[in-house]
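Here's the structure, in structure tokens; my notes come after.
Protein chains: 2
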Amino acid sequence: MQILHMNKGEGESSYAKNSTVQKQIITVASSILEKSVLDSVHKTHPKSMGIADLGCSSGPNTLTVISKIINTIYAASYQMPELRISLNDLPENDFNSVFISLPDFYSNLKKEKGIGVDECFIFGVAGSFYGRLFPKNSLHFVHSSSSLHWLSQVPPVLNKNSGKHLNKGKIYISKTSPDCVLKAYLYQFQKDFFDFMRSRADEMVAGGGMLLSFMGRSSPDASAEVGCHQWELLAQALMSMVPEGLVQEEEIDSLNAPYYAPSPEEVRNIIQEEGSFLINHLEAFEISWEGGNACDKHDYDDLQKLSRGQQVAKTIRAVVEPMLVSHFGREIMGELFTRFGNLVDVYFSNTEAKHINLVISVTRKE
Amino acid sequence: MQILHMNKGEGESSYAKNSTVQKQIITVASSILEKSVLDSVHKTHPKSMGIADLGCSSGPNTLTVISKIINTIYAASYQMPELRISLNDLPENDFNSVFISLPDFYSNLKKEKGIGVDECFIFGVAGSFYGRLFPKNSLHFVHSSSSLHWLSQVPPVLNKNSGKHLNKGKIYISKTSPDCVLKAYLYQFQKDFFDFMRSRADEMVAGGGMLLSFMGRSSPDASAEVGCHQWELLAQALMSMVPEGLVQEEEIDSLNAPYYAPSPEEVRNIIQEEGSFLINHLEAFEISWEGGNACDKHDYDDLQKLSRGQQVAKTIRAVVEPMLVSHFGREIMGELFTRFGNLVDVYFSNTEAKHINLVISVTRKE
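Sequence order for the protein chains is A and B. Quick note: the first sequence uses UniProt numbering, first residue 1, plus one each step. Quick note: the second sequence uses UniProt numbering, first residue 1, plus one each step.
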């Protein structure tokens, strides 16, 4: 929990400046989000509407999602419900930068829609969404984007303190990983995602909707290339540093990412097993490693100077650096991501590299 | 709003390390707090209890108050209500450090009282308590300590951009301040405190209780020494830097603190004018500038090396430094607070320096 957060602040390596892939994912899921919000409003017609964004992170995407949700409700409502909006992430998330942007957010809301501070209340909630975060029956709509591929922990048998190195030279499921590694990852995901759905079942009112999107894979085989190749290349970059003594091989052997990219079937099975939600929509779609060309204008010139591989390295670095720093130390990060970027460039020369993203819309049953 | 926050982090000058006066105030008000919480529970017997701490700041005091409130409810309840606890401060407050301490807080709550994460929900709320922060009728108990003496703004006529310097050589009401300065401050306090009470009236259920404590004065005369002498000495320290060119006199003339220490009568009048609350208790008590000897053990050795004046300078610096930095720049802060500490030492040689603190307990009328 302490190491799983995006790079803080507004600097060169910050998540705030390097979240174009996640932005692209939000854009692609936009029409399904809109449908899911409208459906929740029509099924629950709340006077006071509880809304939560789980794994909100901090950066331009955080309030973009909330804006989209408010706009949808606004466009569809004769009488706006009171909005109770909760932004959730782990305690290490940079909530300060989210909160500092709220006064502007509120003043735009007033200017553009006449919604005042007595009609829309925004809360920060720090904690793991694999447990309870909200009072019973208090939520009408829940959103979570680019978060549920992070597990609550490294599968215990693969933990660096387990004493065994079952996944040598790798940091996630790889083609060479033994079957027990795949099973350990799948089991952890099943447990976590079940806990997630059960917690939300307690918190949501009947008829309430939830839109989830996160990294997945299209193949039933978890060691197939698509869905884990960024980890493969990161392991290669780390391994390339071993001969020079920059990294100890044992350090790589003992690291496994608390991450899992499930197949649509794996997700469907857990939702059905938990049993409180109806699945409206479950879709896998491809998204470029570069996140389309959705870079912010002010960063555009800088990005032009970087190779495509180095651009991808920046977006991955913003997300995984805190985890890697806690394991390898800060000193090697620059070198590591340069090598990683070069490997991505080579990979791009042979492949049209894609992430698989899953989008799932569900409704809380009566 | 941007400049009014305590010194962040955990460093030497941080509020977290220098909040002993505020801690002492919480200790003194402890029995009234307990009574007020119990009264709220008995009058509203909530199944789900909304609690808010307004101006929670960040540091050891933040969760101390919440613990005291939970302990009181726990000791008095056959069946614990669900707790919805909101921690509020301005958006610039260091919410990150509060949130990082929550996992330990939750785990102690479970260990000591068996209260789980599905029974106690903690929210962060960033915004000014002079406006609405919470949904209608959602709160059963409200607490605010050491916050309401901060105004929403410098009285406009005394603002540095007003073009006039009505309070030359001073930064708060002083014996030499013209009457219009006293009036401007009183008017701003009346407006702010009325807005505060009106906002809480909307948010609280009938029978709900509120405990407020903040700096005040015992004398009806706002320019009397007690209640503003720390500002007087700070102005003297600043003025002493003018001859050396470290500070421009015009900069001092144009600065006025967004602060007001009201008399008990001024507070009573506004509560009665607003009309939604019954006053149960209104008391003024003295508290030493040094906050008793309530310093934390780990700081004790360091503090022993400092004069009493320098110790006081540290507690005041933690609170007012961001405001002064935005006006004078960071460079002179060390020198300013050394001079201020020396002036406090001289003052101590003649006087038993006391703050006056007001404690007010009210109940939301039917």
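All residues carry an ideal CB built from backbone N, CA and C; glycine is no exception. Quantities reported herein were computed from a predicted structural model and do not represent experimental measurements.
Burial state of residue i, where buried means 16 or more other Cβ atoms lie within 10 Å
{"i": "B/Lys297", "result": "Low confidence applies to B/Lys297: its pLDDT is 44, below 50, so where it sits in the model is not reliable, and the reading given next is rough at best. When all chains shown are included, B/Lys297 counts as exposed."}
{"i": "A/Glu92", "result": "buried"}
{"i": "B/Glu244", "result": "exposed"}
{"i": "A/Val362", "result": "buried"}
{"i": "A/Pro178", "result": "exposed"}
{"i": "A/Asn108", "result": "exposed"}
{"i": "A/Thr351", "result": "exposed"}
{"i": "B/Val267", "result": "buried"}
{"i": "A/Ile360", "result": "buried"}
{"i": "A/Glu290", "result": "buried"}
{"i": "A/Leu234", "result": "buried"}
{"i": "B/Ser219", "result": "exposed"}
{"i": "B/Ser36", "result": "buried"}
{"i": "B/Glu265", "result": "exposed"}
{"i": "B/Ser147", "result": "buried"}
{"i": "A/Gln22", "result": "buried"}
{"i": "A/Leu306", "result": "exposed"}
Distance CB(residue i)-CB(residue j) smaller than 7 Å
{"i": "A/Glu203", "j": "A/Phe99", "result": "no"}
{"i": "B/Ala284", "j": "B/Met215", "result": "no"}
{"i": "B/Ala224", "j": "B/Ile173", "result": "no"}
{"i": "B/Leu166", "j": "B/Gly50", "result": "no"}
{"i": "A/Ile270", "j": "A/Gln188", "result": "no"}
{"i": "B/Ile52", "j": "B/Ser86", "result": "Note that residue 52 of chain B is Ala in the sequence shown here, rather than Ile. Their beta carbons are under 7 Å apart, which means B/Ala52 touches B/Ser86 by this criterion."}
{"i": "B/Asn7", "j": "B/Glu274", "result": "no"}
{"i": "A/Arg317", "j": "A/Ser13", "result": "yes"}
{"i": "B/Tyr130", "j": "B/Ser144", "result": "no"}
{"i": "B/Phe123", "j": "A/Val125", "result": "yes"}
{"i": "A/Ser327", "j": "A/Leu278", "result": "In the sequence as displayed, the identity of residue 327 of chain A is His instead of Ser. Taking 7 Å as the Cβ cut-off, A/His327 and A/Leu278 do not qualify as a contacting pair."}
{"i": "B/Thr44", "j": "B/Val205", "result": "yes"}
{"i": "B/Leu343", "j": "B/Ala237", "result": "yes"}
{"i": "B/Leu211", "j": "B/Leu54", "result": "no"}
Pairwise C-alpha distance: residue j and residue i
{"i": "B/Asn293", "j": "B/Val117", "result": "Only weak support exists for where B/Asn293 lies, its pLDDT of 46 falling under 50; the coordinates are left without a value."}
{"i": "B/Glu366", "j": "B/Gly207", "result": "7 Å"}
{"i": "A/Val312", "j": "A/Ser213", "result": "20 Å"}
{"i": "B/Lys183", "j": "B/Lys314", "result": "31 Å"}
{"i": "B/Cys295", "j": "B/Asn61", "result": "Any reading at B/Cys295 needs caution, since the residue's pLDDT is 44, under 50, leaving its predicted position unreliable; the model's value is listed next. Going from the Cα of B/Cys295 to the Cα of B/Asn61 covers about 12 Å."}
{"i": "B/Phe340", "j": "B/Ile332", "result": "12 Å"}
{"i": "B/Phe193", "j": "B/Tyr185", "result": "12 Å"}
{"i": "A/Ile356", "j": "A/Glu286", "result": "5 Å"}
{"i": "B/Gly329", "j": "B/Ala257", "result": "16 Å"}
{"i": "B/Asp94", "j": "B/Leu102", "result": "14 Å"}
{"i": "A/Lys111", "j": "B/Ser128", "result": "19 Å"}
{"i": "B/Glu249", "j": "B/Ile25", "result": "35 Å"}
{"i": "B/Asn71", "j": "B/Gly9", "result": "28 Å"}
{"i": "A/Gly163", "j": "A/Tyr347", "result": "33 Å"}
{"i": "A/His149", "j": "A/Tyr78", "result": "38 Å"}
{"i": "B/Leu90", "j": "A/Ser288", "result": "40 Å"}
{"i": "B/His42", "j": "A/Val319", "result": "49 Å"}
{"i": "B/Ser31", "j": "B/Ala76", "result": "14 Å"}
{"i": "A/Met323", "j": "A/Glu335", "result": "16 Å"}
{"i": "A/Asp345", "j": "A/Lys175", "result": "21 Å"}
{"i": "B/Arg308", "j": "B/Cys56", "result": "27 Å"}
{"i": "B/Val247", "j": "B/Met241", "result": "6 Å"}
{"i": "B/Val325", "j": "B/Lys160", "result": "15 Å"}
{"i": "B/Ile69", "j": "B/Leu83", "result": "11 Å"}
Beta-ladder partner(s) of residue i, from DSSP
{"i": "B/Ser276", "result": "Answer is none; B/Ser276 lacks a bridge partner."}
{"i": "B/Gly50", "result": "B/Arg84"}
{"i": "A/Cys120", "result": "A/Leu83"}
{"i": "B/Ser288", "result": "B/Lys354"}
{"i": "B/Ser144", "result": "B/Leu212"}
{"i": "B/His281", "result": "B/Ser361"}
{"i": "A/Leu139", "result": "A/Met204"}
Among the options, the one whose alpha carbon lies nearest that of residue i
{"i": "A/Ser40", "options": "A/Ser57, A/Ile73, A/Gly329, A/Val21", "result": "A/Ile73"}
{"i": "B/Lys47", "options": "B/Pro81, B/Gly163, B/Asp53", "result": "B/Pro81"}
{"i": "B/Val142", "options": "B/Phe121, B/Ile66, B/Ala126, B/Ser58", "result": "B/Ile66"}
{"i": "B/Val181", "options": "B/Pro156, B/Val205, B/Asn161, B/Met197", "result": "B/Pro156"}
{"i": "A/His281", "options": "A/Glu335, A/Leu306, A/Gly209", "result": "A/Gly209"}
{"i": "A/Ala353", "options": "A/Leu306, A/Arg217, A/Glu265", "result": "A/Arg217"}
{"i": "A/Asn88", "options": "B/Gly169, B/Phe121, B/Gly114", "result": "B/Phe121"}
{"i": "B/Glu119", "options": "A/Ile252, A/Ile69, A/Arg132, A/Thr338", "result": "A/Arg132"}
{"i": "B/Ser276", "options": "B/Glu232, B/Leu63, B/Arg364", "result": "B/Arg364"}
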